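FYI, the numbering for the sequence shown is 312 to 413, going by the working numbering. Here's the structure, in structure tokens; my notes come after.
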Amino acid sequence: MKKYLIDTNILIEFMHGNETIWRKIREIGIKNCFISGISLCELYFGAYYVKDTKYFAQEIERIRIIRKKFPIIATENNSELFGKIKTDLQKQDYPSTNLIYS
Numbered sequence: 312m313k314k315y316l317i318d319t320n321i322l323i324e325f326m327h328g329n330e331t332i333w334r335k336i337r338e339i340g341i342k343n344c345f346i347s348g349i350s351l352c353e354l355y356f357g358a359y360y361v362k363d364t365k366y367f368a369q370e371i372e373r374i375r376i377i378r379k380k381f382p383i384i385a386t387e388n389n390s391e392l393f394g395k396i397k398t399d400l401q402k403q404d405y406p407s408t409n410l411i412y413s
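This is how it looks when you write it as structure tokens:
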């Protein structure tokens, strides 16, 4: 069976209950799906970037679930820190932010 690296945009749809994505991942088999450390960083960035604390808590919980469901490829140790720092820099309009996240 083929292995699949799930893109960040697909993960976001999965996290928010997109039935088409859920169906496809079930069809492929969740054990055949992986996420990259970079996607994890991007998910944390999205969570930290929101201003609504309730939404933040929901997103962090969704990320926790994603981390349990899918094996992560590459280093994940600093993913949450990446998301927080990038958010802080972007809120300050730091000019090189887009070099980190595109």
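We put the CB at the ideal spot given by N, CA and C, even for glycine. Please read these numbers as outputs of a predicted model, since none were measured by experiment.
Counting only residues of its own chain and dropping the five nearest sequence neighbours on each side, V361 has a CB closer than 8 Å to the CB of F367, E370. For F356, no beta strand (DSSP E) encloses it; the enclosing alpha helix (DSSP H) starts and ends at 348–360. Straight-line measurement puts the Cα of Q403 at about 46 Å from the Cα of M312.
For the options K314, C352, Q401, E338, the alpha carbon positioned closest to that of N389 is the one of C352. Counting along the chain, the unbroken alpha helix (DSSP H) around Q369 starts and ends at 364–380. Cβ-Cβ distances below 8 Å link I341 to K380, F381 in the same chain, with the five nearest sequence neighbours on each side left out; the list follows chain order. Taking 7 Å as the cut-off, the beta carbon of L354 is found no closer than this to the beta carbon of I332.
Taking the CA atoms as reference points, F393 sits about 14 Å from A385. In the DSSP annotation of this structure, the continuous segment of the alpha helix (DSSP H) that includes Q401 starts and ends at 390–402. Collapsing the DSSP output to three states places I317 in coil.
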